[in-house]
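**Q** Before anything else, here's the structure in question.
2 protein chains.
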Amino acid sequence: MLRFVINKQEFSKKISVAAQAVGSKTVDPILQCLLFKPENDSIKVFSTDMQTFVVAKLDVNEFDGSDSFAVDAKLLEEIVKNIDEDEIVLEYNLGKLNVRSGKTAFNLTTYSNPEKFPPLEFEKTGINFEIETSILSEMIDKVIFCASTETAMRALNGVYWEIKDKFLRLVASDGYRLALVEQKVDVEAEIDFIISLKSMKELQNMLSGADEPVVKITCDNKKMAINSGDITVITRVVEEVFPDYKRVLPKAFKTRITFNKSEFLEALKRNMIIAKRGNDKVRLEITDNSMILTSQSPEFGEVREELNIEKEGEDLIINFNPRFLNEAVKNVDEEEIVFNFVDELSPMQVNSKDVGGYLYIVLPVRA
Amino acid sequence: MLRFVINKQEFSKKISVAAQAVGSKTVDPILQCLLFKPENDSIKVFSTDMQTFVVAKLDVNEFDGSDSFAVDAKLLEEIVKNIDEDEIVLEYNLGKLNVRSGKTAFNLTTYSNPEKFPPLEFEKTGINFEIETSILSEMIDKVIFCASTETAMRALNGVYWEIKDKFLRLVASDGYRLALVEQKVDVEAEIDFIISLKSMKELQNMLSGADEPVVKITCDNKKMAINSGDITVITRVVEEVFPDYKRVLPKAFKTRITFNKSEFLEALKRNMIIAKRGNDKVRLEITDNSMILTSQSPEFGEVREELNIEKEGEDLIINFNPRFLNEAVKNVDEEEIVFNFVDELSPMQVNSKDVGGYLYIVLPVRA
C-alpha cells in the first residue's frame, strides 16, 4: 500500500518533467512508466529512457505506506492535467492505482513488476558549478536549432559542452552551419562532452518549468547531472568526438556589413516566398550602403529587395540557404547585426554589433 | 497592359477569399489561378474550382489599361500578406506581373492564356432572401462538423439547405448523428438543395471576413449565390437526394434529463482519456438526480464521474461515442443542456433547455 495527498499544480509540474524523459514506443513498457517510491519520509518519482534519468521529490500533504508502483507516464500526466480540483488523492493497493479528486475516480492498472524499473546509477562526483537558470536556458535556445537531426550522425546529433578557461561554451552544428554561445562560470577544471539532442530537449523542458533562479551542474566523462530544487536530470554523455569547431571559425575578413535586424528579416521573409518555390537560394549583392537580396523560381518568377547597410571592405556577391540566415539572425538579441565575409565560398560569421558571447557560422551555397 | 494601385488590407482581404476557392492540385493549372479583369471602370478578381465561383470587385486607388491576367492564387496571397507597406502597385505587361511596394519588387510569371479561364455562368434568377451575416455564420458552425467527410457519400458530404414555411433550415449528418438548425427568413417560396462540404467551408471563410451586416442569397435548383458587399460566392448544388431527416427525429421520449453544460464537458473530457485508450465508449447510468459516466480500457483501467442532474421519466443505462456527445454539447450556446432518450438503442436528442432552433440527434452504441 502507498497513499498520498498532493496539490494538483505541484503534482502536474513534477510529473510533466518526468514524463518528458520516458522512452517513445520502446520495446520495454516499463520505460514508458513513472516509478513512485517512498524514500526517507518523502515520495520520489523516477523516469528514464536509459539515456536520461529524471528524479523528482514530491511535496505531499499526507503520506502513508511503503510500496512502490509504476504507472504509464503519459496517461497519468494527461489525467492530472485535466483534473479541476486543487487536491488529488493517490492510493496504490494490490496492483491498482486509485486517483481521486472531487467526484472523479480513476482506477488504473499499474506495471506488474515495479522492482524491474532500472536503478539510478549516480554518484555525486565530478566537476561542480552553478549557473543562472535563465542564462543556461537562453544559451541552449541559441544553439540547439543548429544540431543535426540525423540520429546516424551521432557526434552532431547533440550539443557539445566545453568548460575551459573559466567559460562554459555550448556548440552545435549540422555540417552546414555552427552556433556557439559562451558564458563565464566559476570553475577551474576543464572538461568537454556531447549531450544528445533528445536529452537537450528534456533539459530545456526542465529549465523552462524551474522555479529556482540557479541550477547546480555536476559532470564527469560519463554523465552530467543538473539539479533545480526538487528535480534532478541526469544524462549520459554521447561517446563520440565532436569536430574541432575552432578550425571552422574564420580568422580574417575582407567584407563586414552592419544592418538593422527587423528590416533584414522582413526582406528575407519575402525572398523566401519565391526561394521555396525555386532552388532555395537567396543572393546577396553587397555594395556601398546597399545590400540587394534576390531569389528566383524558374516557374513563378523573381523577387528583389533592397536594404540600407554600412559596409567596410570589398564589394561581394554571395548565395545562401535563406532559412539558415533567418534562423541565425533571429537568434541574435540586438537590433544591429553584423555579417563578416571572407569570400563567396568561405564560411560567413554572424554576430551582434555590440554584445559578445554568441557566434553563428554558415557556409554559402554555389550560385 | 493593366496597372492599378491598391491598399494592402483591402487587397489581402479580397484575394484571401478568392484564393480559398481555387482547386487543390488540379489537373488544369488555370484553376489554381486568380483572374484579374477590368470591367465597367473597376477591376474584378475571379477564382473557381468548377464547383464554387468567387467574384470580388477591387476598390483600387488608381487604374489604367484593359488587359486581363491570371496568376497563381496561393503565391499572390502569400506575397500580399507579407508586404508591410500600405500601398501596393500591380503592373501587368507582356505576360509578366510586377508587384511593387516600398523597396520590394516581385516580377511574377503569369498564366499564358488568361482567356481560357472558365467563364462565370450566373443568372440572377431564383428565390431571393436576406439573412444577417453573423446568424448565417453561426448556423453553419452548428451543423458543419456533423457532415460526412467521405467524399464517396456525396449526399452526406455536404450541408442540406431547406427553405420552407418561412424558415431556413440547415441539416448535416454522417449517418451516426445529425445536426439541425433553423431560423425565420422572409421568403414565401419553398426549395431545398445540398451544398458540398468544400463549398460550405469556402462560404464560412467568406462570411468570417465579411464587413456587411446582411448577406443576400439567390438560389434555384442549380446554384446558390451569396453576396456580401463587393464579394459574391456562387456554388453549384450537389445533384443528390438528402435522406429524409424528419424520419430520424424522435417523437416520444421516455427519459429526459437536464444538467449543467460545463460540468458535463469536464466529466466527459476525463472519460475520454480512458475511452480513447479503450473501446471509445462512455456509459451513462441515469438514476434520480444523478448521472454516472464511466469508460474502460482493458489495458489501462477505468474512470468514473458523477454528475448532478434533473430527471423526468425512467432510469436508463446507455452507451455513446464520447466525441459525438462532446461535439453536440459544445455547440449548444446555453448552460442548461437537455438529453431526450427513447431507449438504449434509439437515437437520443440533444437541445438547450430554453432556446429553440437547434437540435442534435445521435445514435447510441451497443454496450
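Protein sequence lines correspond, in order, to chains A and B.
For the first sequence, counting from 1, position 111 maps to 111 in our numbering; every step adds exactly one.
Start counting at 1 in the second sequence, then tack on 1000, and there's your number in our numbering.
The C-beta atom is built at its ideal place from N, Cα and C for all residues, glycine as well.
Here the structure is a predicted model, which is why all the values come from computation and not from measurement.
Assign asparagine 1289 of chain B to one of two classes, buried (16 or more other C-beta atoms within 10 Å of its C-beta) or exposed (fewer than that).
**A** Here residue 1289 of chain B refers to the residue found at position 289 of the second sequence. Exposed, since its Cβ has fewer than 16 Cβ neighbours within 10 Å.
**Q** With 16 other CB atoms within 10 Å as the buried threshold, where does glycine 1023 of chain B fall?
**A** Along the second sequence, one-based indexing puts residue 1023 of chain B at 23. With 16 or more other Cβ atoms within 10 Å, it is buried.
**Q** Consider the Cβ of leucine 1316 of chain B: report whether some Cβ of chain A lies at a distance smaller than 8 Å.
**A** The residue you call residue 1316 of chain B lines up with position 316 of the second sequence. No, leucine 1316 of chain B lies away from the interface with chain A (no Cβ there is under 8 Å from its Cβ).
**Q** For arginine 1366 of chain B, go through chain A and note every residue whose CB falls closer than 7 Å to its CB, in chain order.
**A** Here residue 1366 of chain B is taken as the residue at index 366 of the second sequence, counted from 1. Simply none; closest approach about 23 Å.
**Q** Whose Cβ in chain B lies nearer than 7 Å to the Cβ of phenylalanine 106 of chain A?
**A** Working through the first sequence from its first residue, we reach residue 106 of chain A at position 106. Residues of chain B passing the Cβ test: Gly1301, Val1303.
**Q** Throw me the rounded Cβ distance for the asparagine 351 of chain A and valine 338 of chain A pair, which I believe falls under 8 Å.
**A** The residue given as residue 351 of chain A occupies position 351 in the first sequence. The residue given as residue 338 of chain A occupies position 338 in the first sequence. Indeed they touch by this definition, with Cβ atoms about 5 Å apart.
**Q** Looking at chain B, is there any beta carbon in it that lies within less than 8 Å of the beta carbon of aspartate 84 of chain A?
**A** In the first sequence, counting from the first residue as 1, residue 84 of chain A sits at position 84. By this cut-off, aspartate 84 of chain A is an interface position.
**Q** I'd like to know whether the C-beta of arginine 1418 of chain B is nearer than 8 Å to at least one C-beta of chain A.
**A** The structure shown does not extend to residue 1418 of chain B, since chain B is modelled only from 1001 through 1367, so no value can be given for it.
**Q** List the residues of chain A whose Cβ lies closer than 9 Å to the Cβ of isoleucine 1079 of chain B, in chain order.
**A** Numbered from its first residue, the second sequence carries residue 1079 of chain B at position 79. The contacting residues are Arg270, Ile273, Ile274, Val303.
**Q** What would DSSP say about threonine 26 of chain A, mapped onto helix, strand or coil?
**A** Along the first sequence, read from residue 1 onward, the residue named residue 26 of chain A stands at position 26. In this structure, threonine 26 of chain A counts as coil in the three-state DSSP scheme.
**Q** Do the CB positions of proline 1250 of chain B and isoleucine 1318 of chain B come within less than 8 Å of each other?
**A** To locate residue 1250 of chain B, count along the second sequence from 1; it is residue 250. To locate residue 1318 of chain B, count along the second sequence from 1; it is residue 318. Contact: no.
**Q** Can you pull the chain A neighbours of aspartate 1072 of chain B, defined as C-beta to C-beta under 7 Å?
**A** Sequence index remark: in the second sequence, residue 1072 of chain B carries index 72 (1-based). Simply Phe300.
**Q** What number of angstroms, rounded off, separates the C-alpha of lysine 1261 of chain B from the C-alpha of leucine 34 of chain A?
**A** Within the second sequence, the letter at position 261 stands for residue 1261 of chain B. Within the first sequence, the letter at position 34 stands for residue 34 of chain A. Cα to Cα, the separation comes out at about 34 Å.
**Q** Starting from serine 228 of chain A, follow the alpha helix (DSSP H) in both directions and report where the run begins and ends.
**A** Numbered from 1 along the first sequence, position 228 holds the residue referred to as residue 228 of chain A. Serine 228 of chain A -> not in any alpha helix (DSSP H); beta strand (DSSP E) instead, spanning 223-228.
**Q** Quick one: what's got a C-beta closer than 8 Å to isoleucine 379 of chain A's C-beta in the same chain, skipping five residues either side?
**A** Coverage of chain A is limited to positions 1 through 367, which leaves residue 379 of chain A absent and any answer about it impossible.
**Q** When burial is assigned at 16 or more other CB atoms within 10 Å of the CB, is aspartate 64 of chain A buried or exposed?
**A** Taking the first residue of the first sequence as 1, we reach residue 64 of chain A at position 64. Result: exposed.
**Q** Determine whether the beta carbon atoms of aspartate 1220 of chain B and isoleucine 1127 of chain B lie at a separation below 8 Å.
**A** Taking the second sequence and counting its residues from 1, one reaches residue 1220 of chain B at position 220. Taking the second sequence and counting its residues from 1, one reaches residue 1127 of chain B at position 127. Closer than 8 Å, so yes.
**Q** Here's a check: name, in chain order, each residue in its chain whose Cβ is nearer than 7 Å to the Cβ of glutamine 20 of chain A, leaving out the five neighbours to either side.
**A** What you label residue 20 of chain A is simply residue 20 of the first sequence in a count that begins at 1. Around glutamine 20 of chain A: Glu202, Asn205.
**Q** According to the Cβ coordinates, are serine 42 of chain A and lysine 57 of chain A closer than 8 Å?
**A** On the first sequence, position 42 is the one that residue 42 of chain A refers to. On the first sequence, position 57 is the one that residue 57 of chain A refers to. Result yes, Cβ atoms of serine 42 of chain A and lysine 57 of chain A sit closer than 8 Å.
**Q** Which ranges would you report for the beta strand (DSSP E) in the region 1105-1185 of chain B if only whole runs of at least 3 residues count?
**A** If we require 3 residues or more, the beta strand (DSSP E) runs fully inside the region 1105-1185 of chain B come out as 1127-1132, 1158-1164, 1167-1173, 1177-1184.
**Q** Name the residue from A:Glu121, A:Lys124, A:Gly102, A:Gly95 whose alpha carbon lies nearest to the alpha carbon of asparagine 113 of chain A.
**A** In the first sequence, counting from the first residue as 1, residue 113 of chain A sits at position 113. Ranking A:Glu121, A:Lys124, A:Gly102, A:Gly95 by Cα distance to asparagine 113 of chain A puts A:Gly95 first.
**Q** Would you mind reading off the limits of the beta strand (DSSP E) that contains phenylalanine 1193 of chain B?
**A** Numbered from 1 along the second sequence, position 193 holds the residue referred to as residue 1193 of chain B. Where phenylalanine 1193 of chain B is concerned, the enclosing beta strand (DSSP E) stretches over 1191-1196.
**Q** Where do the N-terminal and C-terminal ends of the beta strand (DSSP E) with alanine 19 of chain A fall, by residue?
**A** Start at 1 with the first residue of the first sequence, and residue 19 of chain A comes out as number 19. Note, alanine 19 of chain A: premise wrong, no beta strand (DSSP E); alpha helix (DSSP H) at 8-20.
**Q** Near proline 1347 of chain B, what residues of its chain come up, given a Cβ to Cβ distance below 7 Å and the 5 sequence neighbours on each side ignored?
**A** On the second sequence, residue 1347 of chain B is found 347 positions in, with the first residue counted as 1. Closer than 7 Å at the Cβ level, and outside the excluded window around proline 1347 of chain B, lie Val1248, Pro1250, Ile1361, Val1362, Leu1363.
**Q** Hey, would you say lysine 1116 of chain B sits closer than 8 Å to isoleucine 1234 of chain B, going by beta carbons?
**A** Walking along the second sequence from the start, residue 1116 of chain B turns up at place 116. Walking along the second sequence from the start, residue 1234 of chain B turns up at place 234. Cβ atoms of lysine 1116 of chain B and isoleucine 1234 of chain B: not closer than 8 Å.
**Q** Quick one: which residues of the region 1102-1131 of chain B get their C-beta closer than 8 Å to a C-beta of chain A? List them in chain order.
**A** Answer in chain order: Lys1103, Thr1104, Ala1105, Phe1106, Asn1107, Leu1108, Thr1109.
**Q** Starting from phenylalanine 1264 of chain B and walking both ways along the alpha helix (DSSP H), at which residues does that stretch end?
**A** Translated into the one-based positions of the second sequence, residue 1264 of chain B becomes position 264. Per DSSP, phenylalanine 1264 of chain B belongs to the alpha helix (DSSP H) from 1261-1275.
**Q** Using a C-beta to C-beta distance shorter than 8 Å, which residues of chain A count as neighbours of leucine 1075 of chain B?
**A** As a position in the second sequence, residue 1075 of chain B is number 75, starting the count at 1. In chain order: Ile273, Arg277, Phe300.
**Q** Could you tell me which whole alpha helix (DSSP H) segments of length 4 or greater appear in the region 19-92 of chain A?
**A** The qualifying runs are 73-81.
**Q** May I ask which residues mark the beginning and end of the alpha helix (DSSP H) holding lysine 1330 of chain B?
**A** Locating residue 1330 of chain B in the second sequence gives position 330, where the first residue counts as 1. From DSSP, the alpha helix (DSSP H) with lysine 1330 of chain B extends over 1322-1330.
**Q** Interface residues of chain B around glutamate 285 of chain A at Cβ under 9 Å?
**A** Counted from its first residue, the first sequence places residue 285 of chain A at position 285. In chain order: nothing, as chain B lies at least about 14 Å away.
**Q** When we look at the beta-carbon of serine 1134 of chain B and count the other beta-carbons within 10 Å, is it buried (16 or more) or exposed?
**A** Counting from one through the second sequence, the residue named residue 1134 of chain B turns up at place 134. With fewer than 16 Cβ atoms within 10 Å of its Cβ, serine 1134 of chain B is classed as exposed.
**Q** Mind checking which residues open and close the beta strand (DSSP E) that includes threonine 346 of chain A?
**A** Working through the first sequence from its first residue, we reach residue 346 of chain A at position 346. Looking at the sequence shown, residue 346 of chain A is not threonine but serine. Run containing serine 346 of chain A: none; DSSP gives neither H nor E here.
**Q** Taking its Cβ as the centre, do 16 or more other Cβ atoms sit within 10 Å of methionine 291 of chain A, making it buried, or is it exposed?
**A** Start at 1 with the first residue of the first sequence, and residue 291 of chain A comes out as number 291. Result: buried.
**Q** What would DSSP say about leucine 1207 of chain B, mapped onto helix, strand or coil?
**A** Locating residue 1207 of chain B in the second sequence gives position 207, counting from the first residue. DSSP places leucine 1207 of chain B in helix when its eight states are reduced to three.
**Q** Any beta-carbon of chain C closer than 8 Å to the one on glutamate 1190 of chain B?
**A** Protein chains A and B are contained in the structure displayed, whereas chain C is not.
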